[in-house]
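Novice: Structure below; questions to follow.
2 protein chains.
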Amino acid sequence: MQNLMIDGDRLWQTIMETAAFGATTDGGVRRLTLGREDKQVRDWFRDQCEALGCTVDVDTVGNMFARRAGRDADALPIAIGSHLDTQPTGGKFDGILGVLAGLEVFRTLNAAGYETERPLMLVNWTNEEGARFAPAMLGSGVHAGVFDQPFADSRVDVDGITFAQAIDAIGYRGATPAGKTGFAAMFELHIEQGPVLERENAEIGIVTGVQAMRWYDLTICGREAHAGSTPMDMRCDALADAASIILAAQAAARSVGGMATTGQMSISSASRNVIPGHVTLSLDLRHQSDDGLDRLEAEVSELTEKQCGDRAQLQAIWNSPAVYFDPQCIETVRAAAAKSGAATREIVSGAGHDSVYVSRVAPTSMIFIPCKDGLSHNPAEAATKEQCSIGAQVLLDSVLAYSSLSYHRLTI
Amino acid sequence: MQNLMIDGDRLWQTIMETAAFGATTDGGVRRLTLGREDKQVRDWFRDQCEALGCTVDVDTVGNMFARRAGRDADALPIAIGSHLDTQPTGGKFDGILGVLAGLEVFRTLNAAGYETERPLMLVNWTNEEGARFAPAMLGSGVHAGVFDQPFADSRVDVDGITFAQAIDAIGYRGATPAGKTGFAAMFELHIEQGPVLERENAEIGIVTGVQAMRWYDLTICGREAHAGSTPMDMRCDALADAASIILAAQAAARSVGGMATTGQMSISSASRNVIPGHVTLSLDLRHQSDDGLDRLEAEVSELTEKQCGDRAQLQAIWNSPAVYFDPQCIETVRAAAAKSGAATREIVSGAGHDSVYVSRVAPTSMIFIPCKDGLSHNPAEAATKEQCSIGAQVLLDSVLAYSSLSYHRLTI
């Protein structure tokens, strides 16, 4: 294999160039799915890919596939990419890095006149963030058959505009049925969105899978009473119960090596001098294995029962099983990272990504780079030019290796 | 002293009669200060008092004083009463009982042709609840010089109507300057609004004072982070801090014999899968003594500092010192309750009442009767006819004894 090197400066300039589409005054990016700025970046993306000689196809949910020809035109392509949409208070890197590093891979190959065995395909998945249209990872989800087209079309934003209306309004509903675009494997480069790599001075995270996650709504009934005339021993304080459960769930998560988070909580008819009689809160439990999450869920269920008896109701509202990426893809990334000389660490993704759904229909793995303070979904989201370069280089080497090896049915 | 007996049936009928002014379909009363229903009950109250031969005077904040002549026209009167306004979801007894039991006292005295040494004065204080115009106990507060007239006039309800506009609209701004109506003492009968008397099968609470109360806003800064990609040991979770502080403050309250309540809490930019970075909550601390409350405040301040360091800010926003009622008035109530044969208990009020402010300018004490399940500010607020009768009888006997004894400068 040749020693092709990506151009870190060019990649960085490209990241800064696209950050103008939806730039906010605080240095962030607000580029909501299928909005005006999303159309701008999509148009730009299509132009860039076509300028490299790629054909750009769009499917019925707006997923964009830029195909770079390979030696064997009939072989299934190797996919790379991520998403170009952002959160309302998003940054310059989340998702964007994965797409633009893919573009840099194409540019590097073109500059070297390099022809891969398999075609390559750079993908921009629609609505990964789910910020305008819930749920998240909608485009990759429809591609993988997790959701269907009518479900996607019927999603509604806060202004009452449907996904179908929005995609037609910007002209990004393609003719290719979602899910009909096949590929041999997918590699996604992404910022970690957490603090682990930075803390351990690792430059590359070899992502072996994605945590199992479950969401719950917990409702606690107490008894509203006067804060001044109800002695402490005669109270049934729903907020005190909630506080105990939040802390106990977090202790349980620590003991089984998982995570427990309450991000939302509300007190009904809250008043400063009324003991809360009704509290609802969210619970987000995660673990690297489904078994571990089963144990954590059982513990939380038990401690809730112990604290509140039948005054509490723990309702599961979402379940995403653990994802284990393809061993061959993981091994390909590991080898590419070793070749680059980068400090590496195996890591399980705590966040969801398009690769979660794609991995159901194609061999998949991911490459992480650190981000500053683990911060994401924030204008201050940051990675350095060097960090992005290393990530893009490992992406390039992974793709080249996998294209060749998988085409010749070799193993690493 | 003659053995005058109040008429429990008549009192009960009167309570049910006035409950029609602002009656709600769930059996409650919605009679907001200076609204249409408040005017109705005020007109009714004036008529009833005048029918008993009383003169009714109104001061500049709408406090109503119905004067029943005594043997010595120049002596300062003994005041009884409470308030006729209610919470938006109020019941039939809170405040109302104290005014209507006073009316029953007057009716009983009239029926017996009884003349007291001192004049008696039945008071309906304006805006005790503070539900339409904050703060609470506004009429008695202006009377006692805690607030001034311009402050009262400038209070605004949620519709932008000022207290001044509202009082003029219903024609209840009298000519007598607030605070100029003097009296020798005040006795207020009230439901407990707590569960203590009921639990202990006490029929009469001899109220010796009102708890000290302080309100705080607590602000906790953590660090917003992704719930999936931030390990438990790398979090700065403002909600977990809040939960710990709420529970520790309640434990501290138990250990010093006080009360701690958080009734309001909010998470900034709350999201199900984001670790809370900023939480604000209310803290209501109470103790029967100012010293005890000082200790509780110090403990809460220390435990907050220990949990959060300078990430937390505990800001005092209101302070109401402990109230100790007049010993002679308390003793009068104790003797009257003993005479009635009722089961009694000394009690410190956990809630604020007009008597808190009145006690600053005149000897004052209160009489409590139990209420069902300690419930108040609720359509289900309830006391029985018998409980109301006992309370009114103790009120009558207290007033007669105090009128005579204080006039002749005797002590019990």
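Protein chains in written order, with the numbering used here: chain A, 1 to 412; chain B, 1001 to 1412.
For every residue, glycine included, the Cβ atom is placed at its ideal position computed from N, Cα and C.
Using the Cα positions of B/Gly1022 and B/Ala1152, report the straight-line distance between them to the nearest angstrom.
Specialist: Answer to the nearest angstrom: the Cα atoms are 24 Å apart.
Novice: Have a look at the DSSP bridge pairing and note the partners of A/Cys221.
Specialist: Note: A/Cys221 sits in a beta bridge opposite A/His278.
Novice: Along the segment 169-201 of chain A, what residues have a CB closer than 9 Å to any CB found in chain B?
Specialist: Hits within the stretch, in order: Glu192, Gln193, Gly194, Pro195, Val196, Arg199.
Novice: Taking three-plus beta-carbon pairs below 8 Å as touching, is the segment 216-223 of chain A in contact with the segment 347-360 of chain A?
Specialist: Result no; under three Cβ-Cβ pairs closer than 8 Å.
Novice: Got a sec? Which residues, its chain only, sit under 6 Å from A/Arg10 by beta carbon, not counting five neighbours each side?
Specialist: Counting only Cβ-Cβ distances below 6 Å, and skipping sequence neighbours, we find nothing.
Novice: Hey, would you say the C-beta of B/Gln1013 is under 7 Å away from at least one heavy atom of the ligand PLP?
Specialist: Although the ligand PLP was asked about, the structure shown includes no ligands whatsoever.
Novice: Is it right to say A/Ile245 is buried, meaning 16 or more other beta carbons lie within 10 angstroms of its own, or is it exposed?
Specialist: Classification of A/Ile245: buried, given that the 10 Å Cβ count is 16 or more.
Novice: Around the C-beta of A/Pro327, are 16 or more other C-beta atoms found within 10 angstroms, so that it is buried, or is it exposed?
Specialist: When all chains shown are included, A/Pro327 counts as exposed.
Novice: Under 8 Å between beta-carbons, which chain A residues line up against B/Ser1282? List them in chain order, please.
Specialist: Chain A residues near B/Ser1282: Arg272.
Novice: Hey, how far is the Cα of B/Ala1169 from the Cα of A/Val158?
Specialist: Answer to the nearest angstrom: the Cα atoms are 43 Å apart.
Novice: I want to see whether chain B comes within less than 8 Å of A/Met1, judged by CB atoms only; does it?
Specialist: Residue placement at A/Met1 is poorly supported in this model, since its pLDDT is 46, which falls under 50; the coordinates still yield a value, given next. No, A/Met1 does not count as interfacial toward chain B.
Novice: Are the segment 1303-1321 of chain B and the segment 294-312 of chain A touching by the rule of at least three beta carbon pairs closer than 8 Å?
Specialist: No contact exists between the segment 1303-1321 of chain B and the segment 294-312 of chain A.
Novice: Output needed for B/Ile1099: all residues of its chain with C-beta closer than 6 Å, excluding positions within five of it in sequence on either side, in chain order.
Specialist: Inspection of the sequence shows that residue 1099 of chain B is occupied by Val rather than by Ile. Same-chain partners within the cutoff: Gly1081, Ser1082, Leu1084, Asn1124.
Novice: DSSP puts B/Gly1209 in a beta bridge; with which residues?
Specialist: Answer is B/Tyr1324, B/Val1348.
Novice: What's the C-alpha gap between A/Ile161 and A/Lys372?
Specialist: Each residue's Cα considered, the two are about 35 Å apart.
Novice: Please list the segments of the alpha helix (DSSP H) lying wholly inside the segment 1109-1172 of chain B, counting only runs of 4 or more residues, in order along the chain.
Specialist: DSSP runs (the alpha helix (DSSP H)) wholly in the segment 1109-1172 of chain B: 1138-1143, 1149-1154, 1163-1169.
Novice: The beta strand (DSSP E) with A/Gly81 in it runs from where to where?
Specialist: Segment 78-82, the beta strand (DSSP E) holding A/Gly81.
Novice: So, using beta-carbon positions, are B/Glu1128 and B/Ile1390 closer together than 8 Å?
Specialist: Result no, Cβ atoms of B/Glu1128 and B/Ile1390 do not sit closer than 8 Å.
Novice: Should B/Arg1030 be flagged as near chain A, meaning a C-beta pair shorter than 8 Å?
Specialist: Not an interface residue.
Novice: Apply the 10 Å Cβ neighbour rule to B/Tyr1402 and answer buried if 16 or more other Cβ atoms are within range, or exposed otherwise.
Specialist: It is buried - the Cβ of B/Tyr1402 has at least 16 other Cβ atoms within 10 Å.
Novice: Flag B/Ala1380 as yes if its beta-carbon sits less than 8 Å from any beta-carbon of chain A, otherwise no.
Specialist: So no, B/Ala1380 is outside the interface.
Novice: If you follow the alpha helix (DSSP H) that B/Glu1200 is in, where does it begin and where does it stop?
Specialist: Counting along the chain, B/Glu1200 falls outside any alpha helix (DSSP H), and DSSP gives it neither H nor E.
Novice: In whole angstroms, give me the CA-to-CA distance for A/Ala362 and A/Thr261.
Specialist: The straight-line gap from Cα to Cα measures roughly 31 Å.
Novice: With DSSP collapsed to three states, give me the class of B/Val1029.
Specialist: If DSSP states are grouped into helix, strand and coil, B/Val1029 belongs with the strands.
Novice: Answer with yes or no whether the minimum CB distance from B/Arg1295 to chain A is below 8 Å.
Specialist: Not one chain A Cβ lies under 8 Å of B/Arg1295.
Novice: Express the C-alpha separation of A/Val41 and A/Ser140 in angstroms, rounding to a whole number.
Specialist: Going by the C-alpha atoms only, they are around 19 Å apart.
Novice: For the segment 1210-1225 of chain B, enumerate the residues whose C-beta is nearer than 7 Å to any C-beta of chain A, in chain order.
Specialist: Within the segment 1210-1225 of chain B, the residues whose Cβ lies closer than 7 Å to some Cβ of chain A are Gln1211, Met1213, Trp1215, Ala1225, listed in chain order.
Novice: Looking at the secondary structure, which residues open and close the beta strand (DSSP E) in which A/Thr261 lies?
Specialist: From DSSP, the beta strand (DSSP E) with A/Thr261 extends over 259-261.
Novice: Could you have a look at A/Val394 and say whether DSSP puts it in helix, strand or coil?
Specialist: Three-state result, A/Val394: helix.
Novice: CA-CA distance, B/Ala1242 and B/Val1279?
Specialist: Their backbone Cα atoms lie some 7 Å apart in a straight line.
Novice: List, in chain order, every chain B residue whose beta-carbon is nearer than 7 Å to that of A/Arg155.
Specialist: Under the 7 Å cutoff, chain B gives no residues; its nearest Cβ is about 18 Å from A/Arg155.
Novice: Just to confirm before moving on: does the CB-CB distance between B/Val1333 and B/Ile1206 stay below 8 Å?
Specialist: Yes.
Novice: Can you tell me the Cα-Cα spacing of A/Met5 and A/Glu331, whole angstroms?
Specialist: Cα to Cα, the separation comes out at about 21 Å.
Novice: Counting only Cβ-Cβ distances shorter than 8 Å, please list the residues of the segment 55-89 of chain A near chain B, keeping chain order.
Specialist: Correct list: empty, as no residue qualifies.
Novice: Assuming B/Gly1258 and B/Gly1292 are in contact, meaning their beta carbons sit under 8 Å apart, how far apart are those beta carbons, in whole angstroms?
Specialist: Correct: roughly 6 Å between the Cβ atoms.
Novice: Contact criterion: CB-CB distance below 8 Å. Does A/Ala253 meet it with respect to chain B?
Specialist: Answer yes: the Cβ-Cβ gap between A/Ala253 and chain B drops below 8 Å somewhere.
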